[in-house]
Structures are given as structure tokens and as C-alpha cells.
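Chemist:
Dropping the structure here:
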């Protein structure tokens, strides 16, 4: 089945929002072995919407369209698709009752007229009832193709995908299966990894593809097999994954499709070890990155965001002399921060960051992008200085990532 | 100028990464009045790449292609474009020296053979030298159209855009100007806002478009004017923006294109007020969201991520009896957490969260998604209970957002 996604909304083409819906949909459909082949983002212009639908219907069996279904005038999708499918609107009473109900619950009095039109659906469509919002989804079948129209609000889109779309897809899916196997590595660049496994890569059968997905300090390897025999695909892919893992042993963090943070939660959790964070320049980002994932509470009790020097002293117990003599951005300070939060939390491992995230605050000696990181472990404390660049958000993101890499390395060293 | 973006990489179509490059490029080009009309994501398949290039050359003057330029075998973009433009490769000595230099610096010995090919560029292209990575960019002109090929690694792409692409574009840009004006509102849904300003919206001239961009608790209004007289566009748009702001006064958070967090930093900063956070279920996300933005240090000194109960007691001073009697997820606990971090930090405002983010940990009385938030202000402490759903990351994101909305409301109330 050839599937594609069309996202509609000026805000995407202006770069005001990042299209996270498409990645979610792609991943979600991947579970049903449906591969997305194209993702197109277009503006709220009638002609672009018509053109994109026409193109999609020439190459895809299944087309998911998100966005543009709101009640305000800038949302022109519905009128455009009414013309495209040559299908008039009918007002759906169940949807109308539901929309009225929502407005009643908010208790703001009379419902705006524009919301009545949200109950208007294409005559040719099956209505996908939206329990969690006002805009219903629509499912249109035309010339043995399926078009699905969903609101762009992420949780409404996800609700409709889970409740209505997936069950229908499971019923129609074809015999072609895709099997993925993942290996997450840390500490070696992609071309070096490729060299180490060149012979294995060369021996892959034509139906298994190997991809390298690098990300600050990490490379994810993905083996993807396509075919009809699910068992064979799994066995073959897992065999190759095992050979690669064995070869790259010292760099392997996880043998499944999980994030670095999840791998840390898993490993520390199994070893009954806790981690604490004392963050200055990363401002809570390391804590936030870790607690995004379930099971975080098994390894994490406490984070202190000590943004100001007086908090570094009063809460973390950093010595005033240390701050005066070496400054907040120094090896000495991050070591005391790490040991401070280790003491407060009782955690075996503690990570501390202090740096100049920018865009201002730099000096000749410590320019913007200077970051010190310390990790206090069971026996040892390690530190590292980084010199990043001028972009605040990138500096924070890379510092948070490097801090976890340092933590991982010390953990591996102390676990041998 | 019609511009479009093509992003290449299986990882995008599998939903393994979110394409943030496109939003960045769109926003960045917007500064030069260049509007992106299409964003297409395709996989690393030769036929899809050729097809996308062909389509783009039929409708756009300027095409930016990112990704697929890495040294490993899964990256087929270069070979495909060599065929597409019927242009052979030439090895660029300057690029080769640079790539070798990078490997020398890493100090891992001999450079892998695959990296030599990174110095191979299309004969018909102008080379965009990449100071910060190994894959050079390429600029190809063909039939009065421009094609630009950039690596997919975000900071390399950004470097090339800033250093090479923008200067060239500024030199070629046309006379058409686009002017945007933004109003950020909190506390009223988009259809209610639309009703309140219906007469103003109806009176907009044809060259000004109004868009509503809703996001949990917030709606951003964007007026976009297109024309040739930059002064006229600015004056007209700003006049309408002013009329709308005046009408919606009580809901307006900012009259510029900034995030809610930036508006908070600006307002609290100007009022010389500090904010502190005591986070449980949000796990540092509120601190992280705020400190993402420059100037955060003017309003923020201290955040405590008190994930475990013993940290709530020992660090924040929450009463053991409170935890025993009402539980960690309770109004009483979040109030004590907020007051605790207010005392520790000396901040005028303190925000506390405690809830069950999920996916496990719920009970009949307090199901997954139950979240208590407290804001302690100068005179008053307010609390609110939320019942979100089953998705951990969405629960965290919404809790963090609602916490700042509560903070904002109390601030507005106490500032009158």
C-alpha cells in the first residue's frame, strides 16, 4: 500500500510551527506495516490543496490530510475538497449536538455561528466522530483510493487515528511486511562504524537495507527488511543485527528502538542506581529529557536548577570562595554542584552543568558556548569542558546530550 | 519568487525524526520575504528523488534540498542528482583537505575511504564550503531556476544557509514584500475571538490575510500583507493589528511574534519580579521551557525537580503529614511545594506541579492524567486541578503549559 501525508496550514510554511504530526502518523502507521512514501506541506490556498490532492491520487492508495478544518475563515480545506470530490455538504446532527455540548460545558453562552459549519460534512464521506474536539474527521473512498481528512490539533488527530483509522486499516492491510531492527551506539562516528562493519554490510541480502542515523554523539543503525514472510524477515534481520552488535560491542547502548534516555533508565533501573541533576545553563532540560519517558521515577528522585549563584551556594552548598575565585562556569564549581546534589538526593550518580548558553554573557576568557560538565559516580568524578557556538538553544541541547554521554561513559567504566 | 523545500531521508518517513529543518528554513527565508509554498519529504529512493526534483522544477524558482549527503551507502542523493543534472562528479581539493583536516583533529588515524567521496561535487555546481562539517553544499542553476543541496544535520544546514545562501538570495530577491503582524492571546478560544473581531476581519483589504493559530490555551493571530509598497504594508497591517489588540485587550499577552515564555520573561523582567518552580510530574519541563529563551536569568533563579516524596519533604519542606494524609498529588501538597520553593528562592511568584503523568501509577480516585497545579503570588495562592488523558508526554506538555497560564492569570490579577 502506497501511503502519503498532506499537511495543510500557512503556519507550517512560515516556519511558525514544526510539523510533528507527520512523524507521529508515520511511526504509528509503521506499526501496521504501512510505509509513508511522501509527506507534503502546503498552505491554506485552494489551488495548492487541489493540486496536492490530484498528485496524491495519481500515486498513492491511502492519503491522510491534516489541518485546515477549523471554524475560522482562513481554513478553506473543506470547501476545496467539496469541489474536488464534487460532493455537497450535509449537516450531521450527531456532530452538531456534540459541538453544542462542548460549548455548553465551557459555559460561554451562545455558540458562534462559525461553529455550526463544523457539523457540515461531505455527503460522500464517512464521518469520523471526534469525541475530543469540535472538528469531525472524514473518510472518503474514490476510485479504489482512500482519503482521510483530520484536524491538525495533535491530540485530536491522534485520537481519530487510534479510534477510527487504525481499526479500518488493520482490516484492509496487504500481505507485504516490513521488519525493522535497531542498534543504538554512542561514541563513534558513522563512517568509522561503517568501516568496522563493512564486510557485514556487503553481505546483506537485497531485501535488507542498513541506514545510519547520526545525532550528537550517537548513531542509530536501522536494518529494514521487506518481504512477505514475516518470520523469515524477523530471523534474518535479527541475525544480522546480532552480528553487527557483536562487532560494535563496546559502542552499543541499546539493541532496540529506544531513545538514549530510555536506555539510561533501563540500565540504571536494572542496576538499582539513581541519578540526580544539578543544572545551571541547561536550565532543567536534562531532567525534562529524562522524565519524558516512563519509568524515570525508578532512577530519578531529584533535580536542582540552580540558575543563580545564590542558589548554587544555598541549595547545593557550593563554596562562596569557589564561585569568587573560579567563577560559576568552572570545573571547580560543577564538581561541587554535582557533589552537592549527590549528597542531597542520595543518588549514586550526579550530573552538573554550568555554562554560558548565550546569546550574551560571554567574556574573552569564557566566550558564549563555554560549558563545564561534571559527573560524580560511585568512585570517581569526571569533568569535561566544551566550547559550543553562539546559538542558545543548540548550546543547551548539546550540553544536555553531552552530559548524558559523560554519565553513560562513567557508568560503563564503573560497571565493568 | 516561488520557493520550496525537499527533505530526503527514510528516517523522516518512518517518523523516527521530526523534520525541524523545514520550519527553520521557512522562518529564516521569511526574513528575506521569500515564502515557501511546498515542503515535501521523501525517502532515500532514487526514483522518488528524481520525481520530486522534476516536480519542483515545474513549479518553483528556488528549491532547497536537505539530507542524503552523508558518506554511507544509504545516502543516494548525490548520485541521483548527478544523473538528474547530467553532470559528472569532480573531486574538490579544498573540500578534501578540509575533510582530512577534520579527521586529523579527531585523531582516529586513517580517514575511511567513504569520506573521500564527500569531496566529490557536481561539475555544474558552485560549491558551498562547509566549515562545520564534512559534506559540502552545492548550488546549481538550471533553466533560470536555482537548486541548493545541503546536508541534513541541522547545525551544518543552518551554517550554510546563513553563510552562503542568504547573501546570494538577498542579491536576487524580487520586489514583492510580505509583512506580518502578530498578536498572542491567552484565555479565549479561536471561534470566540473570531466573533469579537468579526467586523474588523470583514473590513480587511484583500491584500491582508488573518490567520488564527491555536495552541493549548493560547491563540496567535497573524495578519499577513502582500504587496510592493513596504511602508504601506507595514502601516496598514499595524493599524489593523492595533484595532484588534484594542478590542481583545484583556486577552492580549504580546503584540509581537514571541512565544508565551518570552512574553512572561519580558513582563516579569520589566516588573522586576522573579519566578521559581517546584516540579514533580513536569520533571523540569517548565524550567526548561523558560530557560530556552534569552533573558531567562533576569526572572528565574531556582527550580527544584522534586520527583520523589523524600525530596518534596527534605528540600521543599513539604510536611510529612500532608503527604501521608492527602498524597503527593493533592492541592495541599502543591501549595506547600510552591510556598517551599518561594521561600528557598526568594521569588515573588512560585509555580508547583504534581500529578500522575502515566502511563502507570493511576488509582481509581486519582487516575492517570490527574494533575494539581499551584501558583503562589505576592498576595494570593491559586490552585487548579486538571484531568488529562493517558499519554505521558502530552500530559507533561499540557501541565507545563497550564502552569504558565495560571501564573500569567495571577500575575495580571495582582498587577492591576
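Chains as they are written, first to last, in UniProt numbering: chain A, 1 to 416; chain B, 1 to 416.
The beta carbon of each residue, even a glycine, is placed where N, CA and C say it ideally should be.
Does the beta carbon of residue 333 of chain A sit closer than 8 Å to a beta carbon anywhere in chain B?
Modeler: no
Chemist: Just checking: is the beta-carbon of residue 285 of chain B within a distance shorter than 8 Å of some beta-carbon in chain A?
Modeler: yes
Chemist: Which residues bound the beta strand (DSSP E) around residue 188 of chain A?
Modeler: First-last for residue 188 of chain A: undefined, no H or E at that position.
Chemist: Please report the distance separating the alpha-carbon of residue 301 of chain A from that of residue 117 of chain B.
Modeler: 48 Å
Chemist: I'd like the span of the beta strand (DSSP E) that includes residue 138 of chain B, first residue to last.
Modeler: 137 to 142
Chemist: Note down, in chain order, every chain B residue with its Cβ under 9 Å from the Cβ of residue 343 of chain A.
Modeler: By Cβ distance, chain B contributes nothing, its closest Cβ being about 11 Å from residue 343 of chain A, past 9 Å.
Chemist: I need the straight-line Cα distance from residue 125 of chain A to residue 119 of chain A, nearest angstrom please.
Modeler: 13 Å
Chemist: Taking the straight line between their C-alpha atoms, what separation do you get for residue 217 of chain A and residue 248 of chain B?
Modeler: 48 Å
Chemist: Taking a contact to mean a Cβ-Cβ separation below 8 Å, would you say residue 291 of chain A touches residue 284 of chain B in this structure?
Modeler: The beta carbons of residue 291 of chain A and residue 284 of chain B sit closer together than 8 Å.
Chemist: Excluding sequence positions up to five away, which residues of its chain have a Cβ less than 7 Å from the Cβ of residue 131 of chain A?
Modeler: 159
Chemist: Report the start-end ranges of each alpha helix (DSSP H) in the stretch 258 to 300 of chain A that is 4 residues or longer and not cut off at the edges.
Modeler: 260 to 270, 285 to 291
Chemist: Quick one: give me the first and last residue of the alpha helix (DSSP H) that residue 397 of chain A is part of.
Modeler: 392 to 415
Chemist: With a threshold of 8 Å between beta carbons, is residue 112 of chain A in contact with chain B?
Modeler: yes
Chemist: From this set, A/343, A/250, A/368, which residue's C-alpha is nearest residue 412 of chain A's C-alpha?
Modeler: A/250
Chemist: Does the beta-carbon of residue 170 of chain B have 16 or more other beta-carbons within 10 angstroms, so that it is buried, or is it exposed?
Modeler: exposed
Chemist: Please report the Cβ distance between residue 204 of chain B and residue 155 of chain B, rounded to the nearest whole angstrom; I am assuming they are in contact, meaning their Cβ atoms lie under 8 Å.
Modeler: Rounded, the Cβ-Cβ distance is 40 Å, inconsistent with contact.
Chemist: Drop a sphere of 10 angstroms on the beta-carbon of residue 320 of chain B, count the other beta-carbons inside from all chains shown, and report buried for 16 or more, exposed for fewer.
Modeler: Counting the other CB atoms within 10 Å of its CB gives residue 320 of chain B a total below 16, which places it among the exposed residues.
Chemist: Of all the CB atoms in chain A, is at least one closer than 8 Å to the CB of residue 256 of chain B?
Modeler: No, because no Cβ of chain A sits closer than 8 Å to the Cβ of residue 256 of chain B.
Chemist: Going by C-alpha to C-alpha distance, which of A/62, A/361, A/376, A/378 sits closest to residue 370 of chain A?
Modeler: A/361
Chemist: Of all Cβ atoms in chain C, is any one closer than 8 Å to the Cβ of residue 185 of chain B?
Modeler: As a matter of chain content, chain C is missing from the structure shown, whose protein chains are A and B.
Chemist: Check each candidate in A/348, A/23, A/57, A/400 and name the one with the smallest Cα separation from residue 144 of chain A.
Modeler: A/57
Chemist: Would you call the stretch 12 to 26 of chain B and the stretch 4 to 23 of chain A in contact, with 3 or more CB pairs under 8 Å?
Modeler: yes
Chemist: Please name the residues in the stretch 9 to 34 of chain A whose beta-carbon is closer than 9 Å to at least one beta-carbon of chain B, in chain order.
Modeler: 9, 10, 11, 12, 13, 14, 15, 16, 17, 18, 19, 20, 22, 23, 24, 25, 26, 27, 28, 29, 30
Chemist: Who are the near neighbours of residue 85 of chain A in its chain, counting only those whose CB is closer than 7 Å to its CB and skipping five residues on each side?
Modeler: So the list reads 122, 124, 140, 142, once near-sequence residues are dropped.
Chemist: State the DSSP-derived secondary structure class of residue 43 of chain A, mapped to helix, strand or coil.
Modeler: coil
Chemist: Assess contact between the stretch 41 to 53 of chain B and the stretch 391 to 411 of chain A, defined as three or more Cβ pairs (one per stretch) separated by less than 8 Å. Is contact present?
Modeler: no
Chemist: The stretch 40 to 52 of chain B: which residues have C-beta closer than 9 Å to a C-beta of chain A, in chain order?
Modeler: Listed in sequence order: 40, 41, 42, 43, 44, 45, 48, 51, 52.
Chemist: Going along the chain, which residues of its own chain have a beta-carbon closer than 6 Å to the beta-carbon of residue 378 of chain A, five neighbours each way excluded?
Modeler: 348, 414
Chemist: Using a 10 Å radius around the Cβ and a threshold of 16 neighbouring Cβ atoms, would you call residue 364 of chain A buried or exposed?
Modeler: exposed
Chemist: Would residue 176 of chain A be called buried (16 or more neighbouring beta carbons within 10 Å of its own) or exposed?
Modeler: For residue 176 of chain A, the number of other beta carbons within 10 angstroms of its own is below 16, and it is reported as exposed.
Chemist: For residue 335 of chain B, name the three-state secondary structure that DSSP assigns.
Modeler: helix
Chemist: Using a Cβ-Cβ cutoff of less than 6 Å, which residues in the same chain neighbour residue 67 of chain B once the five nearest sequence positions on both sides are dropped?
Modeler: Taken in chain order, the residues that qualify are 7, 8, 9, 152.
Chemist: If you draw a straight line from the C-alpha of residue 409 of chain B to the C-alpha of residue 150 of chain A, how long is it?
Modeler: 32 Å
Chemist: Starting from residue 386 of chain B, find everything on chain A with Cβ-Cβ shorter than 8 Å and list it in chain order.
Modeler: The contacting residues do not exist; residue 386 of chain B stays about 14 Å from chain A at best.
Chemist: Roughly how many angstroms separate the alpha carbons of residue 357 of chain A and residue 207 of chain A, rounded to a whole number?
Modeler: So the two alpha carbons sit approximately 46 Å from each other.
Chemist: Answer with buried or exposed for residue 213 of chain A, where buried requires no fewer than 16 other C-beta atoms within 10 angstroms of its C-beta.
Modeler: buried
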